[in-house]
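Trainee:
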Amino acid sequence: MPNFCAAPNCTRKSTQSDLAFFRFPRDPERCRLWVENCRRADLEEKTPDQLNKHYRLCAKHFEPAMICKTVMQYNLYFTVIVLKND
1 MPNFCAAPNC TRKSTQSDLA FFRFPRDPER CRLWVENCRR ADLEEKTPDQ
51 LNKHYRLCAK HFEPAMICKT VMQYNLYFTV IVLKND
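Take the sequence shown: its position 20, counting from 1, is numbered 20 in the UniProt record's numbering, and each next residue is one higher.
(1) Starting from residue 19, follow its DSSP beta bridges and name the residues at the other end.
(2) Thinking just about the alpha-carbon of each residue, which of 2, 3 and 7 is nearest to the one in residue 43?
(3) Leaving out the 5 sequence neighbours to the left and right, which residues in its chain are closer than 8 angstroms to residue 38 when beta-carbon positions are compared?
(4) Under the three-state reduction of DSSP, which class applies to residue 46: helix, strand or coil?
(5) Considering just the uninterrupted stretch of the alpha helix (DSSP H) at residue 58, what are its terminal residues?
In structure tokens, the structure reads:
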């Protein structure tokens, strides 16, 4: 069964390209940020577990530097740097 990209107006699916597809994170805060960045109101009411299980974003919606390609799979770097103004 192919994966479809959840980004608005993106018609990519996993059977059409060599692009990686990434599950929504299970972490509630990171998941919320992904939903906000998707700008899809229909995703706002779904739980992180529902989003992780049923929705994906294709690699076209991430900066190339955020994707780590390994021999077996693609992974996202989830490093967040918090800058504080003292």
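From the three backbone atoms N, C-alpha and C, an ideal C-beta is built for every residue, glycine too.
Treat the numbers as computed from the prediction; the structure is a model and nothing was measured.
Mentor: Short version:
(1) Bridge partners of residue 19: none, in fact.
(2) 7
(3) 6, 7, 8 and 57
(4) coil
(5) No alpha helix (DSSP H) holds residue 58; the beta strand (DSSP E) holding it covers 56-58.
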